Every structure is written in C-alpha cells, then in structure tokens.
Amino acid sequence: MAAVTRFDRSAVTVVLVVVDLAIITAQLSAGLVVHGTDPLATPLYTAETVVPFLLGWLLVAPLLGVYTARIRESLVETALAVGFAWIVAALIGVGLRATPWLVGGAPPAFVLVTVGTGLATLLPWRLLVTALTRTRE
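When the letters of the sequence shown are read in order and numbered with the numbering used here, they come out as residues 151 to 287.
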C-alpha cells in the first residue's frame with residue numbers, strides 16, 4: 151500500500167509555502183491600507199490582523215494536500231484544493247478575529263471580501279505554478 155503524504159518535501163514546496171504566506175500577508179495588508187491604516191507604521195495591529203489567517207492557512211493547507219506534488223499535476227485539483235483550503239483558512243482567521251482577544255471583529259462584509267480577495271490572489275498564482283509544472287514534465 152502506498153503511503154499517503156500531505157506535504158511534498160521539495161524546494162518547490164518551500165517556495166510555494168513562502169509565496170502563499172506572502173500573498174496572504176500582502177492581501178490583508180492591502181486591506182488595511184484601503185481602510186486608512188499603514189501596515190508598516192502599526193506592526194502589532196497588522197500582526198493581529200494577518201496572523202489568524204496565516205495560522206488558518208498553515209493548519210488547513212497541508213491537511214487538504216495543497217502542498218503535495220499530486221495537486222500540481224491538475225489545474226482542476228489545484229483550483230479545488232487551494233480554493234477550499236483558503237475558504238476554510240479564512241473562516242478560521244475570521245473566527246479568531248471574532249474573539250475578544252484580537253482586533254477587528256468579523257462583520258459579514260469582511261468575511262466575504264476576505265474570502266473573495268484571497269481566492270482572487272491565491273488561485274491565479276497556484277494555477278500558474280501548476281500550468282508551468284505540468285509543461286516541464
């Protein structure tokens with residue numbers, strides 16, 4: 151029986167993790183800017199905004215196989231895995247923000263915008279990686 155792996159231990163995976171986290175951070179930081187907050191001038195506030203979503207992503211993405219080599223073989227599997235992982239990770243992040251210990255709260259509009267912008271930023275990047283990986287093999 152073949153072993154099931156949820157994380158491909160390769161240089162490609164390291165790059166994927168780093169860029170995924172950078173995209174999530176940039177997307178949420180851009181939201182702060184849109185609302186009149188300078189993320190660099192308010193690092194603690196920025197961290198309280200971003201970290202719950204990074205934690206959600208780091209928890210969910212490996213569990214759903216987002217970092218397996220198999221996912222990079224199919225555009226459909228990439229879209230489904232990354233899309234579903236982001237939706238769940240965003241809901242975890244929003245749930246953490248809704249606690250009294252973190253800033254921001256979780257109004258419905260924020261949930262929708264966060265899920266939508268996350269999908270709009272993560273999916274193109276990951277689909278590009280899959281398309282390029284498939285053409286090299």
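All C-beta atoms in this analysis are idealised placements derived from N, C-alpha and C, irrespective of residue type, glycine included. Nothing here was measured: the structure is a model prediction, and the numbers come from that model.
Where residue i falls, given that 16 or more other Cβ within 10 Å makes a residue buried
i: D170; result: buried
i: R156; result: exposed
i: V244; result: buried
i: P189; result: buried
i: R159; result: exposed
i: T249; result: exposed
i: L278; result: exposed
i: R284; result: exposed
Pick from the options that is closest to residue i, judged by C-alpha positions
i: R247; options: V165, L205, A172 and H185; result: L205
i: G233; options: L214, V168, P250 and T249; result: L214
i: A231; options: V184, A240 and A211; result: A211
Segment limits, alpha helix (DSSP H) that includes residue i
i: S179; result: A161 to V184
i: V210; result: P193 to L213
Touch check for the stretch 212–231 and the stretch 247–255: three-plus C-beta pairs under 8 Å?
Verdict: no, contact absent.
I'd like to know if the stretch 171–191 and the stretch 268–281 are in contact, where contact means that at least 3 CB-CB pairs between them fall below 8 Å.
The stretch 171–191 is in contact with the stretch 268–281.
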